[in-house]
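A short write-up of the structure that comes next.
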Amino acid sequence: MSKVVLKKCEEYSLDLIKNKINESLSLLGGIDSLIKKDAKVFIKCNCVGPFDKSLGITTHPIFLQAVIQLVKTRTNNITIGDNPATRDLTYTLKKNGIYDIIMEEGLEIVNNKTLLTIQNHHAKIYNEFEVSKEMIDVDVLINLPKLKTHSLAYMTVAEKNFFGLIYGLNKAGWHVRASNPLEFGEAINDLYGAILENLDGKNIINICDGILGLEGEGPSSGGKSKFANAIITSLDAVSLDRIACEVIHLDSSKCFITNIANERGYGCGEIEKIELLGDSLKDFDVSFIPPKDSLSNLGLRVLKIKPLRNILLEHPKINHDKCIKCGECAKICPPKTMVIEPKKYPHLTNHKCIRCWCCAEVCPQNAIEKSKRPLLGKIFF
Ligand code: SF4
Ligand code: SF4
21 MSKVVLKKCE
31 EYSLDLIKNK
41 INESLSLLGG
51 IDSLIKKDAK
61 VFIKCNCVGP
71 FDKSLGITTH
81 PIFLQAVIQL
91 VKTRTNNITI
101 GDNPATRDLT
111 YTLKKNGIYD
121 IIMEEGLEIV
131 NNKTLLTIQN
141 HHAKIYNEFE
151 VSKEMIDVDV
161 LINLPKLKTH
171 SLAYMTVAEK
181 NFFGLIYGLN
191 KAGWHVRASN
201 PLEFGEAIND
211 LYGAILENLD
221 GKNIINICDG
231 ILGLEGEGPS
241 SGGKSKFANA
251 IITSLDAVSL
261 DRIACEVIHL
271 DSSKCFITNI
281 ANERGYGCGE
291 IEKIELLGDS
301 LKDFDVSFIP
311 PKDSLSNLGL
321 RVLKIKPLRN
331 ILLEHPKINH
341 DKCIKCGECA
351 KICPPKTMVI
361 EPKKYPHLTN
371 HKCIRCWCCA
381 EVCPQNAIEK
391 SKRPLLGKIF
401 F
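Residue numbers for the sequence shown follow my numbering, so the first one is 21 and each next one is one higher.
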């Protein structure tokens with residue numbers, strides 16, 4: 021049985037979080053057996069963009085510091101980072117409040133310069149991925165996701181956080197290659213399978229910072245921060261995601277990334293087969309608002325037919341009162357349908373839009389909203 025440890029934690033207090041995570045790791049075998057002495061460790065944060073810690077979008081600096089101090093009891097060979105989609109990593113880490121913690125702890129930031137091709141020999145769609153070498157060429161990979169809803173993927177926690185192993189803007193290319201949600205879910209799982217193959221025999225420790233999470237139109241400025249007061253730990257990202265879904269009372273049938281992973285046997289996504297340790301689910305009475313107009317399984321299958329997306333789905337809409345014309349949305353847009361001219365607001369050609377919501381993810385102003393769903397889509401879904 022897959023094990024997940026759930027801990028209630030109501031504040032970002034360093035010692036409190038350290039104790040909770042240490043207790044969680046003890047229930048999974050103990051930090052001494054999970055991290056061998058002087059092991060090479062990479063800590064993967066969620067630094068999706070230059071957002072302040074109070075917004076619940078990125079790994080909280082105190083949470084990271086608690087993990088660092090625990091890992092340091094075993095090794096000093098630690099690298100930390102992520103691959104934000106637009107702005108450079110140092111700028112992003114400074115805005116997240118993470119940079120100062122890494123400096124205070126005297127550790128290295130990943131430089132993301134050397135890429136490594138990893139393979140999934142049982143992939144469904146894509147069998148090769150270029151990832152940052154420093155993130156994967158390690159003895160232990162520690163994954164620190166946030167607990168968030170996601171406009172495209174419905175929910176994003178541990179498994180989806182590995183998408184950040186793909187270098188910067190290369191991530192956007194994956195949205196073109198896997199241009200509907202189900203295909204994207206398969207691609208994320210092809211990547212996760214490649215990570216599992218590459219780290220075979222090594223430990224991947226997933227520790228979710230679900231103290232402050234994000235509901236609504238996540239995973240960045242479109243969402244609304246909300247306390248879930250949870251720390252969720254597991255060696256199985258899929259089980260962790262399944263429990264996370266229960267903690268915030270979302271609909272597990274819509275968590276298609278987890279469901280695909282479960283079908284492929286990359287982890288356990290069935291609640292009755294997961295051994296839940298630590299605190300009880302009954303201790304968590306918070307409900308997160310899901311993304312607007314999230315789709316059922318049938319809806320996701322229908323969207324595989326490209327032309328239907330334009331007549332059934334909402335599209336991005338720029339709120340001119342909030343937009344500062346920074347151009348980040350146009351820079352990331354995978355099919356380049358969002359464009360911006362000097363001193364003007366960005367605009368898009370709706371029928372070319374693949375509804376990946378990358379533009380909303382990188383917008384610093386929460387200026388990209390969803391239009392109303394077309395009448396046909398309302399009737400159909
Ligand atoms: S919509 Fe957002 S990302 Fe795009 S230009 Fe305006 S502020 Fe920048
Ligand atoms: S406009 Fe936004 S949602 Fe549409 S393809 Fe571009 S980034 Fe994706």
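Every residue, glycine too, gets a C-beta built ideally from N, C-alpha and C.
Starting from P81 and walking both ways along the alpha helix (DSSP H), at which residues does that stretch end? Residue 81 sits at position 61 when you count from the first residue of the sequence shown. Where P81 is concerned, the enclosing alpha helix (DSSP H) stretches over P81 to V91.
Reduced DSSP category for S183 - H, G, I as helix; E, B as strand; rest coil: Mapped onto the sequence shown, residue 183 falls at position 163. One detail in the question is off: residue 183 reads as Phe in this sequence, not Ser. Helix.
If I measure Cβ to Cβ from G76 and keep anything under 6 Å in the same chain, skipping five residues before and after, which residues do I get? If you number the sequence shown from 1, residue 76 lands on position 56. Excluding sequence neighbours, G76 sits near L232, G233, L234 and S245.
In chain order, what residues of the same chain have a beta carbon less than 7 Å from the beta carbon of A178, not counting five sequence neighbours either side? Here residue 178 is taken as the residue at index 158 of the sequence shown, counted from 1. Cβ within range, chain order: N163, P165, N226, C228, A257, L260 and D261.
In terms of residue numbering, what span does the alpha helix (DSSP H) encompassing G193 cover? By 1-based counting over the sequence shown, the position of residue 193 is 173. For G193, the enclosing alpha helix (DSSP H) has its first and last residue at N190 to R197.
Nonlocal neighbours in the same chain, by C-beta distance under 7 Å from H340, ignoring five residues either side: By one-based count along the sequence shown, residue 340 stands at place 320. Once the five neighbours on either side are set aside, the close Cβ partners of H340 are Y365.
Stretch-stretch touch, CB-based, cutoff 8 Å, three pairs: the segment 148–155 with the segment 127–138: yes
Inter-stretch contact at 8 Å, needing at least 3 Cβ pairs: the segment 59–78 / the segment 96–113: The count of Cβ pairs closer than 8 Å, one atom from the segment 59–78 and one from the segment 96–113, reaches three, so the stretches are in contact.
For Q139, write down the residues that DSSP places opposite it in a beta bridge. Taking the first residue of the sequence shown as position 1, residue 139 is located at position 119. DSSP lists E148 as partners of Q139.
Distance, V25 Cα to M358 Cα: Here residue 358 corresponds to residue number 338 of the sequence shown, with the count starting at 1. Here residue 25 corresponds to residue number 5 of the sequence shown, with the count starting at 1. One C-alpha to the other measures close to 42 Å.
Give the straight-line distance between the Cα atoms of S22 and E295, rounded to the nearest whole angstrom. On the sequence shown, residue 22 is found 2 positions in, with the first residue counted as 1. On the sequence shown, residue 295 is found 275 positions in, with the first residue counted as 1. Taking the straight line joining both Cα atoms gives about 6 Å.
Closer than 7 Å to a non-hydrogen atom of ligand 2 - does that hold for the CB of L368? Numbered from 1 along the sequence shown, position 348 holds the residue referred to as residue 368. Yes, the Cβ of L368 comes within 7 Å of a heavy atom of ligand 2.
Under three-state DSSP, which class holds D120? Indexing the sequence shown from 1 puts residue 120 at position 100. In this structure, D120 counts as helix in the three-state DSSP scheme.
So, does the segment 101–109 touch the segment 375–388, judging by three or more C-beta pairs under 8 Å? yes
Indicate whether the contact test is met: 3 or more Cβ pairs, each with one atom in the segment 263–271 and one in the segment 295–309, closer than 8 Å. yes
Nearest candidate by alpha-carbon position, reference G285, set T369, K144 and G230: Numbered from its first residue, the sequence shown carries residue 285 at position 265. Selected option, being the one with the closest Cα: K144.
Determine the burial state of G126: buried for a count of at least 16 other Cβ atoms within 10 Å of its Cβ, exposed for fewer. Against the sequence shown, residue 126 aligns to sequence position 106. With fewer than 16 Cβ atoms within 10 Å of its Cβ, G126 is classed as exposed.
Backbone CA spacing between L238 and S171 [nearest angstrom]: Translated into positions along the sequence shown, residue 238 becomes position 218. Translated into positions along the sequence shown, residue 171 becomes position 151. Note on identity: in this sequence residue 238 is Gly, with Leu being the wrong assignment. Cα-Cα distance, rounded: 6 Å.
Count the other C-beta atoms from every protein chain shown that fall within 10 angstroms of the C-beta of E206, then say buried if there are 16 or more, exposed otherwise. The sequence position of residue 206 within the sequence shown is 186, counting from 1. Under this definition E206 is a buried residue.
Taking DSSP as the reference, what is the three-state secondary structure of E154? Counting from one through the sequence shown, the residue named residue 154 turns up at place 134. Here E154 sits in helix by DSSP.
Measure from the alpha carbon of Y212 to the alpha carbon of each residue in K222, K191, F182 and N66, then state which is nearest. Walking along the sequence shown from the start, residue 212 turns up at place 192. Y212 has its Cα closest to that of F182, out of K222, K191, F182 and N66.
Where C353 sits in the DSSP three-state scheme: On the sequence shown, position 333 is the one that residue 353 refers to. DSSP places C353 in coil when its eight states are reduced to three.
CB of K249 within 8 Å of CB of K392, strictly: As a first step, residue 249 must be located in the sequence shown, where it is residue number 229. As a first step, residue 392 must be located in the sequence shown, where it is residue number 372. One point to set straight first is that residue 249 is Asn, not Lys, in the sequence displayed. No, the Cβ-Cβ distance between N249 and K392 is not below 8 Å.
With a threshold of 8 Å between beta-carbons, can K390 be considered close to chain C, or not? The question asks about chain C, but that chain is absent: this structure has only one protein chain.
What I want to know is whether the C-beta of C376 ends up closer than 7 Å to one or more non-hydrogen atoms of ligand 2. For this step, residue 376 is matched to residue 356 along the sequence shown. Result yes, Cβ under 7 Å from ligand 2.
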